[in-house]
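Asks: Okay, handing you the structure first.
Numbering (the UniProt record's numbering), first residue to last: 1 to 548.
Quick look at the structure:
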């Protein structure tokens, strides 16, 4: 709820500097405002019933109105701004009658010098790092009006949408700046190598479960920069690794490499599954000028369970080389990116049951001049001979044959995985697409809980599973999948139902007349907690149940 304090906003010099830096990063005040903002303010007036809405950003001196509904936007002094107060609150502010609210006593937008605001509400535009860029506010200058809690929630949701629009514009500017930097880069060897290094990650993430070791060797034939790339993104408990190769050895290939790597990272960060990441990147490449294409392989590792998904766009399959003999993590590859407009890139699932090592590489590792044998055979020999050596040694020995004579770039990445959490058990099944899904889910649940010696939790778990699966079948129109996860250390049974809809379920009280939402009310009553997570183009609804 908003505070009743009337003190002047003072976030501190250091916090204010950080806020202004974030504002400059997210919003380019010299460019025309994003067109989508006008739709947001129009929707804000409809949802709240107030006739005026505006997106404000607040810098060192001014309140700048980027989009307005019901009046012409403009610029005013920050010290006169009602919305500047909201920055210090860090939460939505609402005054049913601003004339009777001590916070606005003497404010020129209320007392008639600049306006005659009566009813007023504002939600801060908060970045993920909690920096307030400005506000989305609505107001009426004719009469007082009390907004409902639902309307205030809608206003806060629209404020989050404004920040998302700013973030997309920011990403586009970053990509554009990168492309401009590549366009002016000189083609001599030193500049080309420096450019290549700048486009690759300077450091790779690591966790208690995963360690990554990477190597990159530029081609020795000429001074042009190549298009091999690698990256790693930690998304919650999932670790996603990418390895790719753009056709060509010139500035155009390097520019495309930067764009492909940026796109892959962005789509993974947004929560899309591997198939969707490659499909969206492929569609993006169709809009690029030129005829270059790229190969790419993606691995998604669930660090807790050891479950691995692999998807490929015409790229060599990853190699699992410890424990046991060298063998590929099989994958059904789609075509290279940029070749077919509607190409599909299926995901293949594997499970790493213990300590494991995986190699991802580009074709330059195996395609080099030799008198006899194959590059693949030489690679297998090196991996077999050094499977238990430190990852740095493995990487160096694999690249040893191509150190001095190669026509192509060569890149590799060794993934060391410590193994799944011994206190975690998990199963997953894909359910039928009709009403049989509920029975199949119940049967799988009871069979699994019996095997896990958790039959005492079966009745409550069955109710939760039934409601979640029923929701998925009724509202998504797409195949659903059921995941059961038992965390023995925390004594939790986690139930997840995945479907292809982005619509979030909403619980309703059991005494309401409406029939929809009662299933989620049951879930809310029985579960320790429940939440929704994006999964590819859909979602997964999760519920935790306490078990003995």
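Quick reminder that beta carbons are idealized off the backbone N, C-alpha and C, glycines included. Since this is a predicted model, take the numbers as computed values, not measurements.
Could you pull out every residue in the same chain whose Cβ sits closer than 7 Å to the Cβ of residue 379, ignoring the five residues on either side in sequence?
Replies: Against the chain shown, residue 379 aligns to sequence position 379. So the list reads 365, 366 and 398, once near-sequence residues are dropped.
Asks: When the Cα atoms are used, what is the spatial distance from residue 15 to residue 41?
Replies: As a first step, residue 15 must be located in the chain shown, where it is residue number 15. As a first step, residue 41 must be located in the chain shown, where it is residue number 41. Going from the Cα of residue 15 to the Cα of residue 41 covers about 28 Å.
Asks: In the DSSP assignment, find the beta strand (DSSP E) that holds residue 498 and state where it starts and stops.
Replies: Residue numbering aside, residue 498 sits at position 498 when the chain shown is read from its first letter. Run containing residue 498: 492 to 499, per the beta strand (DSSP E) assignment.
Asks: For residue 96, which residues of its own chain have a beta-carbon under 8 Å away from its beta-carbon, when the five flanking residues on both sides are left out?
Replies: Position 96 of the chain shown, counting from 1, holds the residue named residue 96. Correct list, in chain order: 119, 144, 145, 146 and 147.
Asks: Whether or not the region 297 to 308 and the region 347 to 358 are in contact is what I'm after, with contact meaning three or more pairs of Cβ atoms, one per stretch, closer than 8 Å; do they touch?
Replies: Yes: at least three Cβ pairs fall under 8 Å.
Asks: Check for me: the beta strand (DSSP E) holding residue 535 runs from which residue to which?
Replies: On the chain shown, residue 535 is found 535 positions in, with the first residue counted as 1. Counting along the chain, the beta strand (DSSP E) containing residue 535 begins and ends at 529 to 535.
Asks: In whole angstroms, what is the alpha-carbon distance linking residue 298 and residue 389?
Replies: Looking up residue 298 in the chain shown gives position 298. Looking up residue 389 in the chain shown gives position 389. Near 25 Å, if we compare the C-alpha coordinates of residue 389 and residue 298.
Asks: Three Cβ pairs or more, each shorter than 8 Å: is that satisfied between the region 491 to 505 and the region 526 to 536?
Replies: Contact between the region 491 to 505 and the region 526 to 536 is present, because at least three Cβ pairs lie under 8 Å.
Asks: Counting C-beta neighbours from all protein chains within 10 Å, is the total for residue 498 16 or more, i.e. buried, or is it exposed?
Replies: Counting from 1 along the chain shown, the entry for residue 498 is found at position 498. Its Cβ being crowded by 16 or more others within 10 Å, residue 498 is buried.
Asks: Determine whether the beta carbon atoms of residue 543 and residue 468 lie at a separation below 9 Å.
Replies: Along the chain shown, read from residue 1 onward, the residue named residue 543 stands at position 543. Along the chain shown, read from residue 1 onward, the residue named residue 468 stands at position 468. In contact: residue 543 and residue 468 (Cβ atoms closer than 9 Å).
Asks: Can you have a look at residue 29 and say buried or exposed, based on whether 16 or more other CB atoms are within 10 angstroms of its CB?
Replies: Position 29 of the chain shown, counted from the first residue, corresponds to residue 29. Burial call: exposed.
Asks: What are the partner residues of residue 486, as DSSP defines its beta bridges?
Replies: Position 486 of the chain shown, counted from the start, is the residue given in the question as residue 486. In the DSSP output, where bridge partners are listed per residue, residue 486 has 425 and 493.
Asks: Are the region 58 to 73 and the region 103 to 114 touching, with three or more C-beta to C-beta distances below 8 Å?
Replies: Contact between the region 58 to 73 and the region 103 to 114 is absent, because fewer than three Cβ pairs lie under 8 Å.
Asks: Excluding the five sequence neighbours on either side, which residues of its own chain have a C-beta within less than 6 Å of the C-beta of residue 358, listed in chain order?
Replies: By 1-based counting over the chain shown, the position of residue 358 is 358. Contacts found: 318, 320 and 415.
Asks: Which residues mark the beginning and the end of the beta strand (DSSP E) in which residue 217 is found?
Replies: Here residue 217 corresponds to residue number 217 of the chain shown, with the count starting at 1. Unbroken beta strand (DSSP E) run through residue 217: 210 to 217.
Asks: Starting from residue 286, trace the alpha helix (DSSP H) in both directions and tell me its first and last residue.
Replies: In the chain shown, counting from the first residue as 1, residue 286 sits at position 286. It spans 274 to 286 - the alpha helix (DSSP H) in which residue 286 sits, taken as one unbroken run.
Asks: Let me know the secondary structure DSSP gives residue 166 once reduced to three states.
Replies: Stepping through the chain shown from its first residue, residue 166 is reached at position 166. Of the three classes helix, strand and coil, the one that applies to residue 166 here is helix, per DSSP.
Asks: Per DSSP, what kind of secondary structure is residue 15 in: helix, strand or coil?
Replies: Walking along the chain shown from the start, residue 15 turns up at place 15. Residue 15 falls in the helix class under three-state DSSP.
Asks: Decide if residue 56 is buried, meaning its Cβ has at least 16 other Cβ atoms within 10 Å, or exposed.
Replies: Here residue 56 refers to the residue found at position 56 of the chain shown. With 16 or more other Cβ atoms within 10 Å, it is buried.
Asks: Sorted by chain position, which residues of the same chain lie with C-beta nearer than 7 Å to residue 115's C-beta, five sequence neighbours on each side aside?
Replies: One-based indexing of the chain shown puts residue 115 at position 115. The answer, listed in chain order, is 109 and 141.
Asks: Helix or strand or just coil, what does DSSP make of residue 29?
Replies: In the chain shown, counting from the first residue as 1, residue 29 sits at position 29. Here residue 29 sits in coil by DSSP.
Asks: Could you have a look at residue 452 and say whether DSSP puts it in helix, strand or coil?
Replies: Indexing the chain shown from 1 puts residue 452 at position 452. Of the three classes helix, strand and coil, the one that applies to residue 452 here is coil, per DSSP.
Asks: For the beta strand (DSSP E) containing residue 506, list its first residue and its last residue.
Replies: In the chain shown, counting from the first residue as 1, residue 506 sits at position 506. Residue 506 -> no beta strand (DSSP E), and no H or E assigned at all.
Asks: Does the contact criterion of 3 or more C-beta pairs under 8 Å hold for the region 77 to 97 versus the region 166 to 173?
Replies: With a cut-off of 8 Å, the region 166 to 173 and the region 77 to 97 do not count as touching, because too few Cβ pairs lie within range.
Asks: Going by beta carbon distance, what residues of the same chain come within less than 7 Å of residue 515, once the five residues before and after it are set aside?
Replies: Walking along the chain shown from the start, residue 515 turns up at place 515. At residue 515 the pLDDT is 40, less than 50, meaning the model places this residue with poor confidence; the figure from the coordinates comes in the next sentence. Here the set comprises nothing.
Asks: Taking the alpha-carbon of residue 63 as reference, which of 441, 48 and 20 has the nearest alpha-carbon?
Replies: Residue mapping note: residue 63 aligns to position 63 of the chain shown, counting from 1. Of 441, 48 and 20, the residue nearest in Cα terms is 20.
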